[in-house]
Structure formats: C-alpha cells, structure tokens
Amino acid sequence: MKLGGLSNNGPLRGVRTLGGRTRATSPKRAAIGALMLAGVVSPVVAWSGAQAATPPAQSGDGTTPETAGASCWGIKQRFPTSANGLFWIRTATLVAPEQFTCDMTTNGGGWVLIGRGREGWNWSPAAQGGQALLQNDPSGLATQSPVHLSADKVNGLLDGGAASALPDGIRLRRAANPAGTSWQDVRWFLANREPWSWHFSAGKPLASMSINGTVYRKAGTTRDTKGNDGVTNLPQAGSGADGANRVFTHSYWKAPSRANQSGFSLGSISASTSGYWYSPSGGWPIPFTQVWLRPKILDSVPAALPPGGSPAHQVPWVPSSKSENLAWGVGGPPDWTGRISTADPSKAYVLAMKEAGGRMFVGGSFTKVTNNTGGSINRKFLAAFDLNTGAWISSCKPTLNGRVWDMDVSSDGGLLIAGDFTQVNGNPVASGLAKLNPSTCQLNTNFRVRITKDGGRGMVRTIDLLGDRLFLGGQFNGVAVNGGRVAPAPNTYEVNAISGQVGGWRPQTNGTVFDINASERGDRVYIAGWFTKINGVAGEPYATRSSDGAPLTGLHWLRTSSSPSGTYSQTVKEVGNQVFVGGREHFFSAYNRDTGARTQANLAVQGGDYQAAEQAFGYMFGTCHCGGTDGVNISGKTIYSGNNRDLNNGATRSDRIQQVGLYDGATGAYQDWWLPSISTGTGDGPWAMTKDSNECIWQGGDTKRDSYSGNAALDWAGGFTKYCSAVDRSVPTAPNGHTTQLRPDGTVEVTWGAARDPSANLRYLVFRDGKVVGYSWGGNYVDRNIPSGKHQYAVAAIDAEGNIGPSTVPSSLQLIAPPKETEVMPSNAAWQFTLNPALAPPGWQALKVSPTGWVQGPAKLGFGRSDLATVISNANASPFPMVGYFRTTLNLPNPSQFSSIRLELVRDDGAAISINGTEVVRDNLPSGVLTPSTGALTVLFGAPERTPVSYTLPSRAFQPGANTIAVEVHNANKWSGDLAMSLRVVGVQ
C-alpha cells in the first residue's frame, strides 16, 4: 500500500493537489438552440456557438468546486483511479464546496482527514489551529500542533448523519514509535447516536474498538478504552488493555508534569518527548495522531431554494477560554457598611452585571474604579463601562449608600437596580429598588418602590423580569409602592417594572432568597436561597407557580450533605428542559423540568460553592469559589464527602475547573474543554455573570488576573472579565441583487453587487436549484454545463469562518434542450449522375426507375471547381453543360422516429430536389416545367455557392425503407464554367 507515494511505515507525508489546477468545463456542441427565461418574464434568446475542446472535469470527481463530490468515498467509487490528495467536497449540509485531504488508498480508500496533531488537543467544537495544515501538512512535518475541523464542519461532511452510523468507525492513525516509522490503526465505533462532537474526554461509550484489525467488544469509552483510572469512573466496561493498545484522551491532571495536555494518549509505556511522541512525565506518551472518517455518501441533493431565498447560516457559538483585554475595572476595599445578611461574600467587589443602553453596568461592594496602570478613582457600588472597549464611563456617577446586588432592564429601557441601599443620588424615594436612565445615570423618580425590613433597611438580593412583571427576592418584610403604605412581604414580591403596581406572585419563604429565575415559558418562577419552606411546604422546594407563587410539587432541591449547614442554594436557572440549581457544599446540579428528577450532579473542589449562573446558546455557565492549581469538577457525585477529589458516591470523572465551569444545557454534562485562567484576589470567586448583545459573557467577583502571558497589564483584571465567541459569527448581508445573462457560447453569466461583512474577506456562492455550483471572489461567475429545464439562480456570501449570509431572491431560468439530431446521409454520399438529358427522360426522379448509362461517384460532384470529390465534366470552354442529373437511395427504416428531416444542400447555381418522384425543394430556379435549357435565376459566386442552404421537411415526406432522392442542378447560362452539388440529410427528434 502506498500513501502519498510512500509506504505505510510512515505518515501520509505528501498529497497531490488535484482540485488546485484549473480545469475547463466540457464544451457545448455547435448549433445548439436554447431559450432563456430569467426572472418572471424575459425575452426568448437563441444562441449557438462552440467552446474549446479542453478535456473536462467530470461531475462528482472532486477536482473543481463545480464538480465537487459528496464524499471522498463517493469520489473513489465513481473514479476508482483517484489518488491520495486534495478534493472538493460538498454536501447539502456543508453547503459550500471545500477542499479536504482524502486518503484514497487505505482499505479501498475514501477517507477524509478531519484532524491531526500530537499533544494539546482542546476538544472544543470550534476549529483548532491553522486549517490549511490539514491540507499542506497532514503528517506534521512542519508542526505537530493539533489542528482539527470545527464540529459544525465535520457534521457537514457527515451530511447530518451520526458518527455512530459510520460503518468503518472513527479511524485513529497513531505513531507507534517516536521516530514515526511504525503506525497503529485504531477504529472507534460509538455506541450512542449523536451529532459529531470532539469532546472525547467526556467519555462517549464505545460499542467496540479495533487495533490493527484485532476487535475488542469491551472497549470502554473515548475518555479511556482501558476502563477507569484515578480521574475516571465511568460504568462502560473497558478492554483492560494498557500500554500500546490503550487510548485515553483526558488531560490526566493528577500528573502536573503533563501540563494539562490532552491527546490520543498511549497507556503505561516508558517514554520521553521525542519526534512523534510527547511524554514529559516519562510515561503515557501522547503520539502524533491523524483522525479520519469515511462517510459513504454517493450523492447529496439539496432542497430547492425558498421563494424569498435561502436563510442565513451562522456557525455555532463557542466561548473563548481567553478573556478580552480590559484596561478598567473595580477594586476595594469593599464596603459592607450596614450589611444585613450573614450569607454575603466578605471580599468580592462585583455582585451584579448588566448591559443597558450600550453600556455594561457593574454593581457590588467596591469603592474604587481601577485601571491596569495602577490608577484608581473613588466610586462606590455602581459604575458603567463601554460595552465594546471596557473603558470606564466617567460621566455616569450615580451615588448610592449601599450595595447593588442585581440588575435588569425594563421594556422601556430603564436600568433596574436592586440591593441594600436606601437612597440614590440623595433621593430616599429609591430604597432597595430603583430605576435609572442608563444614558444619564439619573434616577427615574416616577418609579417608586421602597423595600424595608422592620421599618429599616431591607435587601433586594435578586430580581428577574417576565415581560413587565418584576419578581423580587431577598431579605425584607415590607414593600411600599408609589408612596402608599407598607405591605407585608416576607422575602418575595412582584411589582410592575413600568408602573410599580403590585402583582399577584406572593410566595412566602422561611429564609433569605438569593436568586430568582422566571421561566421564559411563563408558567413558573424558580427561587433559590437559604430557606427550607415555601408557603409552609417543606422539603426545600425551588419552583413556584408564576400566577400566585404556590410551590410546585415534586420539584425539590436534593441535598448534597446530611449536614443542616448544607440547606441553601445560591443560584437557579432554566435552560431548555433542564433547571440548574447551585449553592452550598459545592454542588451544581441539573433537574428535569417536568419530572424534577436530577439528571446530572457536579461538585467542585477545592473550595467550591456555586454562586451565580448564566445560560447562553445552549450552554450553562456556573461560577464558584473553586479552582487554583488543584481545582476540579467532579461529574456525577451526589453526596458531599469533604473537600476531596475521590471518585465515589456516583462520581464518573474529574476534570480541571477554574472559578467558572461550562456545562451542556441539555444534559448538564461538564465541558472540560473550556478552561479560563481566572485567579481570585480573596478566594471569594465570581458572584455575577451576564451575557451581552455582542455575544460575550462577563463574570465578576474578586478576579485579579485572567491569563499568564507575563505581561502584567494584559493579565490584569479589575474584578471582572469578559469572554467572547472563539469564532467569528458575524453574518454577511445578502449581495446587492443578481442578474443572469445567457452568453453566446451557451453558458450563463451571473453577476451581483457586493455584500457587507466586518471581516471584508468574502467569497460568493452561486446556487443553481439549491446547490452551490461554484464560487467567486468577485462579482460574477460563469455557469457551464447546464442541463436543460427550468432552474433557479441565487447568490450568497460566505466568510472565512463559514458564516453564510441570506441569498438574493432566486430568479428563474429555463433552458430548452436543443433537438437531438441524427445524420442519416452524409454530405459525401455516393450518387448516380449524368449530364445527358436524353438519359433523364420524364419521370426519372421516380422511386422504381432504373436509369441506364449513368455513372457513380461520391459528392461533392460537379465541374470547374477545386473542392470536388467527383468531376463530372472536363469541358474547358463554352458552351458548358447547363444541367446535371443526380440520384441516390436513402434507407430509412422508421422515418416517424423523427419530428422532421432537414436537407442541407450545396448547389451551384440552382437545384430542384425530389423525394420518390415528388418535388419538395426548388432553389434559385424559376417556376414551371424545367427543361435542359432552363437557367438558374442568378449566378452564385463565392460563399453562396459553397454554403449549404437548409430545408426542413416533415418526416412523412419519406417512406419506411428505400427512398429515392433526385436532384437536378442548373447553371445560370452556358458561359458558366462551374457546377456543383452535395446533399446532407439529418433527422431531427
């Protein structure tokens, strides 16, 4: 077997670029007729022409974008001689054709390379590394840093199919020694059906595995095929095989010398870092590995475009683990004057964050605004920062006498702030709850809701909106609205966010409420806090009916400890069909929204209490005072058994965590591929989290550093950090219209106006009937090899990340196929002829006449010309012959198979054609009876005497079987020294 021209003892070192060369499309035949209908109504256009006969690319061969195949395997099936190299692939799900490296040799070929590298695989759904390396350095000769396609793109290659359905599994080609002279073939066959995910360290169950052809029916998981180790306790049985036949993908954080590096590790083997192996710990080497798939897709047919055009496609949001560079922040010492709760953080500066009016507002216990140069400005409890740059907005100077615990934005754009303050900007109308203008930071005095406790300072610790319904929770027992009397309110209340009017939601808790989350479905409101009863119902419920606050049965927080001190939760958040509850004793658990059953438990150690949560794009973020050099998230553990990392009480795995954890919103599973570098100043950790309109996530607490680059100004954090998407998700606009024009050579030119996109790096996809037939970096594209029929054309822009903008409105185009033509008699056919009128008596044209004295020769026949095949007279002076008579027989078994029959006549000067004795054509001759002395009407010179003239006859002019064609040609006069005739007959279907 040869891979790229080398034996399989080495990696796939070289690939042959097939799609990179320019290939001309197949030419149109000359004289093809077509009609085009562009848009709703357009003129009929006839065209004819020919293109250069360059050897064409073939549909589905993958050598050009226009002829992209549906898979490497599909290309190999249709073109068995295809060699290893780069090929264009397009599926209905992938949409745009792209080049991929295909192994066309191993086990029959048809494999596509989706990833390669040594240590440092991040298992992120976003693309990793320079994607071009998959094409120009598939074997790591230039760099062994991991590179893999995005999960979105791999799902495109699978055309929406599941990886578990791949008959050949996931192929891992691992270096079996440091020199890379021996390679191991591992096949993973996934047990569960799911879209493609790179999150192998999560432990996807394997139905089976093979290594160099040896099959293991007990294969463990993608986290560890051996079974379990010190950081894995998954129930799926492993192979038990260690050493060279083991694959584990977790970082094995218990071995610090591995620097938290992941890959397709080998098992217990003595090794060192060298060549194709990474092994700083002296064992468990991570070998250079290629990841191949073989989706067996022969064709992938896209759906027709909607009437308004195709919608935009946005690549999935993936959070970056690296924070944005923010030069401003907040600091301390914190001011806890007048605090009324014993469950407060003692040193965290940031307690609340919310975007309003294009600004990020930060609230908490801080007393200063700080910057990364060491400067500070006195400013307490609430400050505003530019949403994009993070710069402090010094003009926003609200004055409060207490902390801000939570914020939200009402439908009228007002910034609602909640806390334990009793006045804002010196106005006592705002106590515990206030509304500010986010642009001026002035108090809205028309919104008057005063929160009290025993007549004094109360604390609104949490608020949440459902439309204009504003739900309040905290530590208070009285609420006064719009200057009215104080109404009883045991720790919860509802008011209207616009008018301040009282609502009907009124649960009563026997303790402080820390967090409220109103379900987007509108039917319930979740509450978390230090309480055990709602409306006297015990068992630590957390869900209430949104209409009146009555607790819902069956939805109870499950303790993680038998200790009474473990009876509070600090955050609750619904996402999809899961409800996440987090709090004391280090837990962050997901519960089924309908049944209340716990679906996933997560505990964090060292440290660990969860303090805030935010959902974004199907993920859930949970913040905790956890992390450091030994902080881990323990998945599945249901009982807190001390601040240790033991895998007991249902624990399945442990992975690093750093103050904020990322969880799958649908399952609650921890996503260990996201690991920010957050360092706290006091150990209190983050207490606030929010998302903004730029698709960024902000966390705040006592954060002092967010990276370890060595540049203090860049690594500095002032209480909060910001994390944006790891991928560009800006979607291009639709191009500025498009037009289609049929060109003389039978191709269709599509032109369009430019689209807009921040990246300014756009190419344009040209759709025909929902399928991308090509792309262009400019404003036009020429479509070739268009089949007959009605077509739709549209254009959309795509950026380098794969975001596709909406298409232009499709236009209609119809190509009528040219008639199929069959030559039934060539122009050089043999004829009988005579120049003697006496040998052509009346009726000589008839079918059954057998003339005598005639001679025979191939056309063209005549005299006095240089282009003749048969010379019928040697006369060289006048008078020249005036007439020539010609007969031939044409056999047509079934004339009716043709809709018409075309005669292509060359005559010099005039001619009459008869079929089976019936004259059907008279050209350049007078009417009436023709005699030997009848002259042509005009003398033909030059092109007219050499160019065929065409006459179309109905097929009924011929009879099945033998037909006699007779032609008599007349000169214009006896001084004309030349005469000629040939006839071609074509059947038209």
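In this note's numbering, each residue carries its 1-based index in the sequence shown increased by 9.
We treat Cβ as the ideally placed atom computed from N, Cα and C, and that holds for glycine.
Exercise. If you draw a straight line from the alpha carbon of cysteine 111 to that of glycine 69, how long is it in whole angstroms?
Worked result: Taking the sequence shown and counting its residues from 1, one reaches residue 111 at position 102. Taking the sequence shown and counting its residues from 1, one reaches residue 69 at position 60. Near 14 Å, if we compare the C-alpha coordinates of glycine 69 and cysteine 111.
Exercise. What are the start and end residues of each continuous beta strand (DSSP E) run of 3 or more residues lying completely inside the stretch 661-722, in chain order?
Worked result: As far as the stretch 661-722 is concerned, its whole beta strand (DSSP E) runs of at least 3 residues are 662-665, 669-673, 697-700, 706-714.
For this session: Out of Thr241, Pro214, Gly222, Gly239, state which residue places its alpha-carbon closest to the alpha-carbon of alanine 228.
Result: Along the sequence shown, one-based indexing puts residue 228 at 219. Out of Thr241, Pro214, Gly222, Gly239, the CA that lies nearest to the CA of alanine 228 is found in Pro214.
Exercise. If you count every other CB in all the chains shown that lies within 10 Å of the CB of isoleucine 643, and 16 or more means buried, which is it?
Worked result: Residue mapping note: residue 643 aligns to position 634 of the sequence shown, counting from 1. Taking all protein chains shown into account, isoleucine 643 has 16 or more neighbouring C-beta atoms within 10 Å of its C-beta and is therefore buried.
Exercise. How would you write the range of the alpha helix (DSSP H) that alanine 160 sits in, first residue to last?
Worked result: Along the sequence shown, one-based indexing puts residue 160 at 151. That run of the alpha helix (DSSP H) goes 160-166.
Problem set entry | Contacting residues, own chain, Cβ-Cβ under 7 Å from serine 686 (five flanking each side not counted) | Position 677 of the sequence shown, counting from 1, holds the residue named residue 686. Once the five neighbours on either side are set aside, the close Cβ partners of serine 686 are Gln667, Asp715, Ser716, Tyr717.
Problem set entry | Supposed close pair glycine 119, isoleucine 98 - CB separation, criterion 8 Å | Sequence index remark: in the sequence shown, residue 119 carries index 110 (1-based). Sequence index remark: in the sequence shown, residue 98 carries index 89 (1-based). By a beta-carbon distance limit of 8 Å, glycine 119 does not contact isoleucine 98. Their separation comes to about 11 Å.
Problem set entry | Closest residue to leucine 199 among His208, Gly651, Gly645 (Cα-Cα distance) | For the purposes of this step, residue 199 is taken as the residue at position 190 of the sequence shown. It is His208 whose Cα lies nearest to the Cα of leucine 199.
Exercise. In its own chain, which residues sit with a C-beta less than 6 Å from the C-beta of alanine 803, not counting the 5 before and 5 after it?
Worked result: Residue 803 sits at position 794 when you count from the first residue of the sequence shown. Answer for alanine 803: Leu314, Gly318, Phe776, Ser816, Thr817, Pro819, listed in chain order.
Exercise. Below 8 Å, can you find three or more Cβ-Cβ pairs linking the stretch 351-371 to the stretch 692-712?
Worked result: Because the criterion of three Cβ pairs below 8 Å is met, the stretch 351-371 and the stretch 692-712 touch.
Exercise. Can you give the Cα-Cα distance for glutamine 140 and glutamate 529, rounded to whole angstroms?
Worked result: As a working mapping, residue 140 is identified with position 131 in the sequence shown. As a working mapping, residue 529 is identified with position 520 in the sequence shown. Looking at the two C-alpha atoms, the distance is approximately 39 Å.
For this session: Identify the continuous alpha helix (DSSP H) that holds glutamine 144 and give its terminal residues.
Result: Residue 144 sits at position 135 when you count from the first residue of the sequence shown. Segment 142-145, the alpha helix (DSSP H) holding glutamine 144.
Problem set entry | Reference proline 204; option with closest CA among Leu962, Ala174, Gln193 | Sequence index remark: in the sequence shown, residue 204 carries index 195 (1-based). When only C-alpha atoms are compared, the closest one is Ala174.
Exercise. Using a Cβ-Cβ cut-off of 6 Å (strictly less than) and excluding sequence neighbours within five positions of valine 995, which residues of its own chain qualify?
Worked result: By 1-based counting over the sequence shown, the position of residue 995 is 986. For valine 995, where only same-chain residues beyond five positions count, the Cβ hits under 6 Å are Glu830, Glu832, Arg911.
For this session: State the DSSP-derived secondary structure class of serine 404, mapped to helix, strand or coil.
Result: If you number the sequence shown from 1, residue 404 lands on position 395. Reduced to three states, the DSSP call for serine 404 is coil.
Exercise. Under 8 Å, do serine 260 and asparagine 269 count as touching if we go by C-beta distance?
Worked result: The sequence position of residue 260 within the sequence shown is 251, counting from 1. The sequence position of residue 269 within the sequence shown is 260, counting from 1. In this structure, serine 260 sits near asparagine 269, with a CB-CB distance shorter than 8 Å.
Problem set entry | Three-state secondary structure (DSSP) of glutamine 801 | Position 792 of the sequence shown, counted from the first residue, corresponds to residue 801. The answer is strand: DSSP assigns glutamine 801 an E or B state.
Problem set entry | Inter-residue CB distance, aspartate 251 and glycine 284 (contact presumed, cutoff 8 Å) | In the sequence shown, counting from the first residue as 1, residue 251 sits at position 242. In the sequence shown, counting from the first residue as 1, residue 284 sits at position 275. That pair is no contact at about 22 Å.
For this session: Report the three-state DSSP secondary structure of lysine 363 (helix, strand or coil).
Result: Sequence index remark: in the sequence shown, residue 363 carries index 354 (1-based). Reduced to three states, the DSSP call for lysine 363 is strand.
For this session: Please report how far the alpha carbon of asparagine 186 lies from the alpha carbon of methionine 218, in whole angstroms.
Result: Within the sequence shown, the letter at position 177 stands for residue 186. Within the sequence shown, the letter at position 209 stands for residue 218. The straight-line gap from Cα to Cα measures roughly 21 Å.
Exercise. Under the rule that 16 or more other beta-carbon atoms within 10 Å means buried, what is lysine 85, buried or exposed?
Worked result: Reading the sequence shown from its first residue, position 76 is the one you call residue 85. In the assembly as shown, lysine 85 is a buried residue. Its beta-carbon has 16 or more other beta-carbons within 10 Å.
Exercise. Grouping DSSP H, G and I as helix and E and B as strand, with all else coil, what is proline 846?
Worked result: Within the sequence shown, the letter at position 837 stands for residue 846. Helix, per DSSP.
For this session: Determine the direct distance from the alpha carbon of aspartate 473 to that of serine 448, and round the result to whole angstroms.
Result: By one-based count along the sequence shown, residue 448 stands at place 439. By one-based count along the sequence shown, residue 473 stands at place 464. In a straight line, the C-alpha of serine 448 is about 22 Å away from that of aspartate 473.
Exercise. Cysteine 633: which of Ala660, Gly591, Asp603, Ser663 sits nearest, CA to CA?
Worked result: Within the sequence shown, numbered from 1, the residue matching residue 633 stands at position 624. Of Ala660, Gly591, Asp603, Ser663, the residue nearest in Cα terms is Gly591.
Exercise. For alanine 809, which residues from the same chain have a beta carbon less than 8 Å from its beta carbon, with the 5 sequence-adjacent residues on both sides left out?
Worked result: As a working mapping, residue 809 is identified with position 800 in the sequence shown. Only Asp737, Ser768, Asn770 meet the Cβ criterion.
For this session: Could you tell me the distance, in whole angstroms, from the CA atom of proline 407 to the CA atom of alanine 361?
Result: As a working mapping, residue 407 is identified with position 398 in the sequence shown. As a working mapping, residue 361 is identified with position 352 in the sequence shown. Whole-angstrom Cα-Cα distance: 15 Å.
For this session: Go to lysine 389, then tell me how far its beta strand (DSSP E) extends in each direction, as first and last residue.
Result: In the sequence shown, the residue the question calls residue 389 occupies position 380. Run containing lysine 389: none; DSSP gives neither H nor E here.
Exercise. Taking all protein chains shown into account, do 16 or more other C-beta atoms lie within 10 angstroms of the C-beta of aspartate 876, making it buried, or fewer, making it exposed?
Worked result: As a working note, residue 876 is residue 867 in the sequence shown. Result: exposed.
Exercise. DSSP three-state call for lysine 377: helix, strand or coil?
Worked result: For the purposes of this step, residue 377 is taken as residue 368 along the sequence shown, with counting starting at 1. Lysine 377 falls in the strand class under three-state DSSP.
Exercise. Mapping DSSP to helix, strand and coil, what is glutamine 587?
Worked result: Mapped onto the sequence shown, residue 587 falls at position 578. The answer is strand: DSSP assigns glutamine 587 an E or B state.
For this session: Could you spell out the range, first to last residue, of the beta strand (DSSP E) harbouring cysteine 633?
Result: Residue mapping note: residue 633 aligns to position 624 of the sequence shown, counting from 1. Start and end: 628-635.
Problem set entry | Buried versus exposed call for leucine 307 [16 or more other C-beta atoms within 10 Å across all chains shown] | Indexing the sequence shown from 1 puts residue 307 at position 298. Leucine 307 should be labelled exposed.
For this session: Could you tell me which residues DSSP pairs with arginine 777 in its beta bridges?
Result: Position 768 of the sequence shown, counted from the start, is the residue given in the question as residue 777. DSSP output for arginine 777 lists Lys780, Tyr802 as bridge partner(s).
Exercise. What residues are listed by DSSP as bridge partners for histidine 979?
Worked result: In the sequence shown, counting from the first residue as 1, residue 979 sits at position 970. Beta-bridge analysis with DSSP links histidine 979 to Val892, Gly919.
Problem set entry | Test item: CB-CB of valine 534 and valine 488 under 8 Å | By 1-based counting over the sequence shown, the position of residue 534 is 525. By 1-based counting over the sequence shown, the position of residue 488 is 479. In this structure, valine 534 sits away from valine 488, with a CB-CB distance that is not shorter than 8 Å.
Exercise. Just curious, the alpha helix (DSSP H) that tryptophan 82 is in, first and last residue?
Worked result: By one-based count along the sequence shown, residue 82 stands at place 73. Tryptophan 82 -> alpha helix (DSSP H) spans 81-87.
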